[in-house]
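Novice:
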Amino acid sequence: MSALKCILSEKGKELLIYIYIYKYRFHKELTGGIKRWVCSVSGNKKCTTHLKTEGKTNIIAVVDNHNHPPLDEIFFNRNEVSNSLKRKASEDLSEIPLKFIHRELRKGDVETLTNCDVKCIRNNIYHSRRSFLPKLPTTQREVHNVLNSYPVMTNRGETFLLILFSV
Numbered sequence: 028m029s030a031l032k033c034i035l036s037e038k039g040k041e042l043l044i045y046i047y048i049y050k051y052r053f054h055k056e057l058t059g060g061i062k063r064w065v066c067s068v069s070g071n072k073k074c075t076t077h078l079k080t081e082g083k084t085n086i087i088a089v090v091d092n093h094n095h096p097p098l099d100e101i102f103f104n105r106n107e108v109s110n111s112l113k114r115k116a117s118e119d120l121s122e123i124p125l126k127f128i129h130r131e132l133r134k135g136d137v138e139t140l141t142n143c144d145v146k147c148i149r150n151n152i153y154h155s156r157r158s159f160l161p162k163l164p165t166t167q168r169e170v171h172n173v174l175n176s177y178p179v180m181t182n183r184g185e186t187f188l189l190i191l192f193s194v
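First residue of the sequence shown: 28, per this note's numbering; consecutive thereafter.
(1) Would DSSP call ALA30 helix, strand or coil?
(2) Which ranges would you report for the alpha helix (DSSP H) in the segment 126 to 167 if only whole runs of at least 4 residues count?
(3) Does DSSP put LEU195 in a helix, in a strand, or in coil?
(4) Considering only their Cβ atoms, is the gap separating LEU57 from HIS79 smaller than 9 Å?
(5) Do the segment 93 to 110 and the segment 129 to 141 touch if we need at least three Cβ pairs shorter than 8 Å?
(6) May I ask which residues mark the beginning and end of the beta strand (DSSP E) holding CYS66?
(7) Check whether the segment 155 to 169 touches the segment 115 to 126, taking contact to mean three or more Cβ pairs, one atom from each stretch, closer than 8 Å.
(8) Measuring only the C-alpha atoms, how far is ASP91 from GLU100?
(9) Since LEU78 is in the beta strand (DSSP E), which residue starts that stretch and which ends it?
(10) So, with DSSP's three-state summary, where would you put THR181?
(11) Looking only at DSSP bridge pairs, what is ILE86 linked to?
(12) If you compare alpha carbons, which of GLY59, THR181, PRO178 is closest to GLY82?
(13) Tell me where the beta strand (DSSP E) around HIS93 begins and ends.
(14) From the DSSP secondary-structure annotation, give me the bridge partner or partners of LYS55.
(15) Who does GLU169 pair with in a DSSP beta bridge?
Rendered as structure tokens:
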């Protein structure tokens with residue numbers, strides 16, 4: 028089994044998991060096709076650890092001086108399930124998110140998920156779907172602007188929508 032595993036992040040970018048305890052994000056491509064990956068821990072810890080690879084599986088060099096504890100397997104499982112379900116739910120907007128979650132739980136390879144994790148995953152799915160929908164207007168002016176931007180015509184070519192008072 029390889030020490031590296033490639034997954035997709037919440038935003039659809041590639042991440043490397045090294046020995047199933049540290050997560051790295053792509054930093055830059057060096058000369059000779061070598062890729063540099065940096066530890067993805069954010070916040071005030073600013074981990075300076077990085078590794079260099081050829082492709083996605085061949086490790087060339089590792090600077091391994093993490094200033095934070097390793098991530099646990101539960102975190103990786105929850106993150107992987109959440110990201111895959113968000114992608115599936117964004118592709119099929121007609122199905123309710125709970126069906127995606129039930130399908131994933133029936134597969135049986137997610138023993139580490141708790142009820143709280145399932146609730147967070149469901150909220151993540153709803154949040155990712157919300158990004159595809161336009162923002163609802165909050166003022167009367169915004170409502171009129173939205174209505175005026177859609178040319179609603181009858182089959183005779185007449186304007187169907189009549190707005191009496193324009194703000």
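Even glycine gets a Cβ: it sits at the ideal position worked out from N, Cα and C.
Specialist: This is what the structure gives:
(1) coil
(2) 142 to 157
(3) Since the first residue of the chain shown is 28 and the last is 194, residue 195 is not available in this structure.
(4) According to the sequence shown, residue 79 is Lys rather than His. Cβ atoms of LYS79 and LEU57: closer than 9 Å.
(5) yes
(6) 61 to 66
(7) yes
(8) 19 Å
(9) 77 to 81
(10) coil
(11) THR80
(12) GLY59
(13) Segment: none, HIS93 is in no beta strand (DSSP E) and carries neither H nor E.
(14) ARG63
(15) Per DSSP, none; premise fails for GLU169.
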